[in-house]
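Scroll down for the structure; my scribbles are underneath it.
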Amino acid sequence: MLIEETLQENPFIKRFEEFFKTNFKKEVEKLAAEYPEKRSLIIDFKELEKFDYELADELLENPDYLIEAAELALQEIEIPNLHVESFEPKVRFYNLPKDREFNLRDINANLIGKLIVVEGIIRQITDVLPKLKVGCFQCRRCGKIYYIKQDSNRVKQPGLCECKHKDFQLVAEKSIFIDYQKIQIQEPLEKLRGNEQPTTLDVYVAEDLVNKVSAGDRVKFTGILRLQKPKEHKVVYGRILDVNFLEETEKEFAEIEITPEDEEKIKELAKNPRIYEMFVNSLAPAIYGHEIVKEAIVLQLFGGVKKLLPNNASIRGNIHILLVGDPGIAKSMLLQAANRIAPKSIYVGGKTTSGVGLAAAAVRDDFGEGGWTLKAGALVLASGGLAMIDEFEKMDAEDRSAMHEAMEQGRISVAKAGIVATFKTDTSILAAANPKYGRFDPYESFIKQIDLPPSLISRFDLFFPMRDVLDRVKDSEIANHILKTHKVGEMLMNKSKEELEKMLKDEKMEELRNIVNPEIDIELMKKYISYARQKVFPVLTDEAMKAIADFYLELRDLGRKEGTYAATHRQLEAIIRLSEASARVRLSNKVELQDVERAIKLIRKSLEEIAIDKETGQIDIDIITSGQSHSQVSTMKKVLQIIKDLYREINAPVPMQSIIEACSNAGIEEEKIRESIINLKKKGDLYEPRHNHFKPIQL
1124 MLIEETLQEN
1134 PFIKRFEEFF
1144 KTNFKKEVEK
1154 LAAEYPEKRS
1164 LIIDFKELEK
1174 FDYELADELL
1184 ENPDYLIEAA
1194 ELALQEIEIP
1204 NLHVESFEPK
1214 VRFYNLPKDR
1224 EFNLRDINAN
1234 LIGKLIVVEG
1244 IIRQITDVLP
1254 KLKVGCFQCR
1264 RCGKIYYIKQ
1274 DSNRVKQPGL
1284 CECKHKDFQL
1294 VAEKSIFIDY
1304 QKIQIQEPLE
1314 KLRGNEQPTT
1324 LDVYVAEDLV
1334 NKVSAGDRVK
1344 FTGILRLQKP
1354 KEHKVVYGRI
1364 LDVNFLEETE
1374 KEFAEIEITP
1384 EDEEKIKELA
1394 KNPRIYEMFV
1404 NSLAPAIYGH
1414 EIVKEAIVLQ
1424 LFGGVKKLLP
1434 NNASIRGNIH
1444 ILLVGDPGIA
1454 KSMLLQAANR
1464 IAPKSIYVGG
1474 KTTSGVGLAA
1484 AAVRDDFGEG
1494 GWTLKAGALV
1504 LASGGLAMID
1514 EFEKMDAEDR
1524 SAMHEAMEQG
1534 RISVAKAGIV
1544 ATFKTDTSIL
1554 AAANPKYGRF
1564 DPYESFIKQI
1574 DLPPSLISRF
1584 DLFFPMRDVL
1594 DRVKDSEIAN
1604 HILKTHKVGE
1614 MLMNKSKEEL
1624 EKMLKDEKME
1634 ELRNIVNPEI
1644 DIELMKKYIS
1654 YARQKVFPVL
1664 TDEAMKAIAD
1674 FYLELRDLGR
1684 KEGTYAATHR
1694 QLEAIIRLSE
1704 ASARVRLSNK
1714 VELQDVERAI
1724 KLIRKSLEEI
1734 AIDKETGQID
1744 IDIITSGQSH
1754 SQVSTMKKVL
1764 QIIKDLYREI
1774 NAPVPMQSII
1784 EACSNAGIEE
1794 EKIRESIINL
1804 KKKGDLYEPR
1814 HNHFKPIQL
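Be aware that the sequence shown starts at 1124, since it is given in the working numbering, and climbs by one per residue.
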């Protein structure tokens, strides 16, 4: 095989050859023995730096020239008993100096052609595609063959044949193709500030680097930054990273820099007996009230402890919260506040997301160059952090299906066009939804007013209805708080921060001061939460375990008396997660009784808000899991049996009036009779062959 150019005159070949013989003799022999199954020699850059500092420095500045020299040097080494005719391994470098690691948004034109390291989350990734490495071109007139090495993303053909013609065709069977994948990465979410949009970069991987990573993975890439020619004659070029080495990293919150001074502040703050109150007051000081909801969100930010069991099964530590409220009750503002404070988070709207935007998907698009592309959605990108989903009820059926698996199993599976992939979604969900009919009806059950299936609702650990109640005293307090918040905003617009600080020193302006300056600074809150999630893994004490078991059994006993289920293992695990999160707030490695009491308070409040059977006045978990209480199901069974008996008597569809009379005689109220008939029709136990006449499906 002829190659148009070689690097035999390259002065660095001998230096690399000496380096390999001195430091990597065994590794080279092992590579030769396993070639071509194994095709790369992996080099720690620090080893090269120790051996020849100038050579290492030159590699960083002229990687194309030096990497090819290293690969030619490998081919020059005499290897005994080489079992292949062609030995053309790759040389890959890792562990570059820290000053070669760049944030995606810090990459500039000065780095073109240099060897750099970037870290990002894989947003989308293509199928493995064939890429032309050496093209065999045949002159259409005289048939002469030319081999041209391809070093760009556009096919390079011979300029002019010896016969003075320049019409060539590619002979694919004599050309050399390599495996190739195109990947788009984006900045890790914890690097973003406020409402910054993540920067993206396209990276190319080839040969033995393909199929090493998946969409949603967090990966560190070492590669050469190149220019990408625009499709048209424009002066603005794109950027790509030609990858030499990659490694997957699982360091959640690693980008949150915590200095020794920060750590000292965090530990000192944790000693404050008001630490919970301080976090609650600092979450969203501009929002009046809703302390119980704020406390729940604070615990969600800290999260429980994820457990890995000996059989490789895992128990989630993520806490999921659903807020359902009247318009203008500050649901979205609470989500935005959590988004600002969470070290790693993403905010999306249920109405504007698609299956790809929220979950993950396999699609055909231009990025995949005609093939399939795996795309990671918001839940995948936020894995290890918090996903805020506004207008949760407006999701389509595809999104809802994905949410079931994502929330309970911590993953999303995609199977399409022969592609089967699993994405990690170790994500806490904070969702906000609106009541089905705009506002809450105080006389209707919570579940009936949410346009979400019970199977999805039951995945949440906590549920909070946020009602706009007509109360003159409370309305006055809210109005005053909103007015003061606006006043602070107006003052900020007209005065410098220093002038404002002087004004706010007046004791009479204490509330205004708290609105401007929350008790804990946002940046410190981020670092505190990040520190707790990385360093604190609390364990249940015997006292805490007994308190949790006692409460769980208390709920189960309540259910036994009424023939209902007041709690399931989901509520038990939710208490454990919330208790662990409470301990993390104190930076405690022990879950104590006070943590369990805090968790029980939230669970009890949540269940009392949405799972009370109005007929019995008791908690009935069936309301959440199936959308109907035990008493409703019992009434439905009675009504259905009466309809079956009436049908057998007349052998014809039963009129509504006959059903009402028979059920009323059995002590069932007319409203419940009509409600039961509607539900029986929905379940498919009853159908209506003609208006107000009903027939059971099975007798």
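Just so you know, even glycine gets a beta-carbon here, dropped at the ideal spot from N, CA and C.
Name the residue from the options whose alpha carbon lies nearest to the alpha carbon of residue i.
i, options, result
"ILE1301", "TYR1327, GLY1282, TYR1411 and GLN1292", "TYR1327"
"LYS1388", "HIS1288, TYR1654 and CYS1286", "TYR1654"
"ILE1306", "ARG1341, GLU1157, LYS1314 and LYS1279", "ARG1341"
"ASN1334", "GLN1351, LEU1445, VAL1359 and LEU1369", "LEU1369"
"GLN1755", "LEU1710, LEU1730, LEU1803 and TYR1303", "LEU1803"
"LYS1767", "ILE1363, LYS1818, ASN1603 and MET1779", "LYS1818"
"ASP1564", "THR1550, LYS1144 and ARG1590", "ARG1590"
"PRO1466", "ILE1415, LYS1343 and GLY1507", "GLY1507"
"LEU1348", "GLU1418, GLY1236 and PHE1291", "GLY1236"
"ILE1420", "LEU1252, LEU1350 and ARG1700", "ARG1700"
"SER1524", "ASP1665, ASP1449 and LEU1579", "LEU1579"
"GLU1798", "ALA1520, LYS1760, VAL1214 and PRO1812", "LYS1760"
"TYR1188", "ASN1133, ALA1232 and ASN1233", "ASN1133"
"SER1275", "GLN1292, CYS1262, LEU1255 and ARG1264", "LEU1255"
"LEU1363", "LYS1357, GLN1351 and THR1372", "It is worth fixing the name first, because residue 1363 is Ile in this sequence and not Leu. Closest by alpha carbon: GLN1351."
"THR1826", "ALA1697, LYS1724, ASN1226 and LEU1647", "Only positions 1124 to 1822 of the chain appear in the structure, and residue 1826 is not among them; the question remains open."
"PRO1812", "PRO1778, GLU1792 and SER1787", "PRO1778"
With 16 other CB atoms within 10 Å as the buried threshold, where does residue i fall?
i, result
"ALA1789", "exposed"
"CYS1286", "exposed"
"ASP1718", "buried"
"GLY1478", "The predicted position of GLY1478 is uncertain, since its pLDDT is 46 and thus under 50; no value can be drawn from it."
"LYS1390", "exposed"
"LYS1650", "buried"
"VAL1294", "exposed"
"GLN1828", "No statement about residue 1828 is possible, as the shown extent of the chain runs from 1124 to 1822 and does not include it."
"HIS1288", "exposed"
"ALA1407", "buried"
"SER1599", "exposed"
"GLY1451", "exposed"
"VAL1537", "buried"
"GLU1177", "exposed"
Report yes if the CB atom of residue i is closer than 7 Å to the CB atom of residue j, and no otherwise.
i, j, result
"GLN1309", "GLY1243", "yes"
"ALA1529", "THR1545", "no"
"ILE1442", "LYS1430", "no"
"ASN1462", "MET1518", "no"
"GLU1703", "VAL1336", "no"
"PRO1661", "ALA1722", "no"
"ILE1573", "VAL1447", "yes"
"ILE1765", "ALA1785", "yes"
"VAL1839", "ILE1783", "Since the first and last residues shown for the chain are 1124 and 1822, residue 1839 lies out of range."
"SER1455", "ASP1522", "no"
"ILE1552", "ALA1501", "no"
"PHE1139", "ALA1192", "yes"
"ALA1667", "GLU1715", "yes"
"ALA1482", "GLU1516", "no"
"ASP1365", "GLY1346", "yes"
"TYR1270", "VAL1257", "yes"
"VAL1240", "ARG1228", "no"
"PHE1586", "ILE1733", "yes"
"LYS1161", "LEU1154", "yes"
"LYS1279", "GLN1273", "yes"
"ILE1245", "ALA1338", "yes"
"ARG1263", "GLN1304", "no"
Checking the sheet assignment: what are the DSSP bridge partners for residue i?
i, result
"MET1589", "GLY1448"
"GLN1764", "Its beta-bridge partners do not exist; DSSP assigns none."
"GLY1346", "ILE1239 and VAL1366"
"TYR1470", "MET1511"
"CYS1284", "Beta-bridge pairing links CYS1284 to no other residue."
"ARG1215", "ILE1165"
| query | What are the complete alpha helix (DSSP H) segments, minimum 4 residues, inside the stretch 1370 to 1402? | reply | 1383 to 1393
| task | Any chance you could list the alpha helix (DSSP H) runs of at least 4 consecutive residues sitting entirely within the stretch 1505 to 1585, in chain order? | result | 1520 to 1532 and 1577 to 1580
| Mind pulling the beta strand (DSSP E) runs of 3 or more residues that sit fully within the stretch 1289 to 1327? | 1291 to 1293 and 1299 to 1309
| message | Quick check on the DSSP output: what are the complete alpha helix (DSSP H) runs of length 4 or more inside the stretch 1771 to 1816, in order along the chain? | response | 1779 to 1788 and 1793 to 1806
| Which runs of the beta strand (DSSP E) spanning at least 3 residues fall entirely within the stretch 1182 to 1209, listed in chain order? | none
| request: Please list the segments of the alpha helix (DSSP H) lying wholly inside the stretch 1649 to 1706, counting only runs of 4 or more residues, in order along the chain. | output: 1665 to 1685
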